Amino acid sequence: MGTFTDKNGWENNYLQSSLVALFALLVIWATSLIFSEFVRRRDELDRSEGRYPTAPVAGRTSGTSETSELLPGGARQSARNEVVYRAEKTTNAARDAVLMLLVALTVTEIGYGATAATAVLTWIFFGLSLLWILSLLLTDLIWAPVGIEIITFPVIVAILALAFRSASLPPSYTKPIPPPIPPPIPPPSPSPVRPTVT
-17 MGTFTDKNGW ENNYLQSSLV ALFALLVIWA TSLIFSEFVR RRDELDRSEG RYPTAPVAGR
43 TSGTSETSEL LPGGARQSAR NEVVYRAEKT TNAARDAVLM LLVALTVTEI GYGATAATAV
103 LTWIFFGLSL LWILSLLLTD LIWAPVGIEI ITFPVIVAIL ALAFRSASLP PSYTKPIPPP
163 IPPPIPPPSP SPVRPTVT
């Protein structure tokens, strides 16, 4: 893998670690996007083929929830709608996590560069984002994603705050990368000696 340097030209391995976390979140977002699209298309296909009847039952006008319980396939329809809803929420949460981390790392690099604290907070944010996404996908409890969000957002603010720290170089930086050595200049070729005629 290539060498990662910051704007001062110093080798910075913490930048590489932070970008790996961003790439992993990007993969999770892409996967959830594909899953969400698959579930949505499957739901539209089932509706177009008439697997989910939508006509109200005679004598019932109080709402769709009671109607769907009496219709054949109604329970499956509401479960399918719940899966589509959760898949869309999961995709939105993954997108938001990618964008938040991308902005935080961009501001960090425009500022004073990544440090060990930035890398650690980036991976903490990655873990919390993964929990946030799974809580939206697997549970229907309001307090689970909200609680994780309350913890996640200060982590992103801390990563952004590290971009404006003191400009002194931390010990995490290694020696500066030397400039490339130019190729040697060949010596000038001697001019040809003309024979003198006597």
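Be aware that the sequence shown starts at -17, since it is given in our numbering, and climbs by one per residue. Glycine residues also receive a C-beta, built at the ideal position from the N, C-alpha and C atoms. Owing to the predicted nature of the structure, the values given are computational and were not obtained by experimental measurement.
Cutoff 8 Å; reference residue i; Cβ partners in own chain excluding five residues on either side
i   : result
G41 : Caution is warranted here: a pLDDT of 45 is assigned to G41, below 50, making its placement in the model unreliable, and the coordinate value is therefore given only provisionally. Same-chain partners within the cutoff: there are none.
Residue i versus the options, residue with shortest Cα-Cα distance
i     : options               : result
L15   : P161, V66, L87, W114  : V66
Y(-4) : R68, V80, L87         : L87
G109  : P170, T97, I133       : I133
F17   : A69, I167, M82        : A69
A140  : W11, L120, T178, A101 : A101
K71   : L83, L119, T97        : L119
M82   : T97, V128, G129, I138 : I138
The alpha helix (DSSP H) enclosing residue i, as first and last residue numbers
i    : result
A99  : 98 to 120
I167 : Unbroken run through I167: none, as it is neither H nor E.
I130 : 125 to 144
Beta-carbon contacts of residue i that lie in its chain and below 6 Å, excluding the five residues immediately before and after
i    : result
D78  : none
T104 : S0, A3
I10  : A76
E64  : none
A126 : S117
T73  : S14, L15, S18
Separation of residue j from residue i, as counted between CA atoms
i    : j    : result
D122 : E91  : 38 Å
T13  : L144 : 31 Å
I115 : E131 : 10 Å
A76  : A99  : 23 Å
F20  : P165 : 56 Å
S171 : I163 : 23 Å
F135 : L112 : 14 Å
E51  : F107 : Here E51 scores only 44 on pLDDT, less than 50, and its place in the model should not be relied on; the value that follows carries that caveat. Rounded to the nearest angstrom, the two C-alpha atoms are 42 Å apart.
R176 : P161 : 44 Å
Expected contact under 8 Å - CB spacing of residue i and residue j to nearest Å
i   : j   : result
R23 : Y94 : About 46 Å separates the two Cβ atoms, so there is no contact after all.
L1  : V80 : About 12 Å; that fails the 8 Å criterion.
Neighbourhood of residue i by C-beta distance below 7 Å, restricted to the same chain and skipping five residues each side
i   : result
V89 : L142, A145
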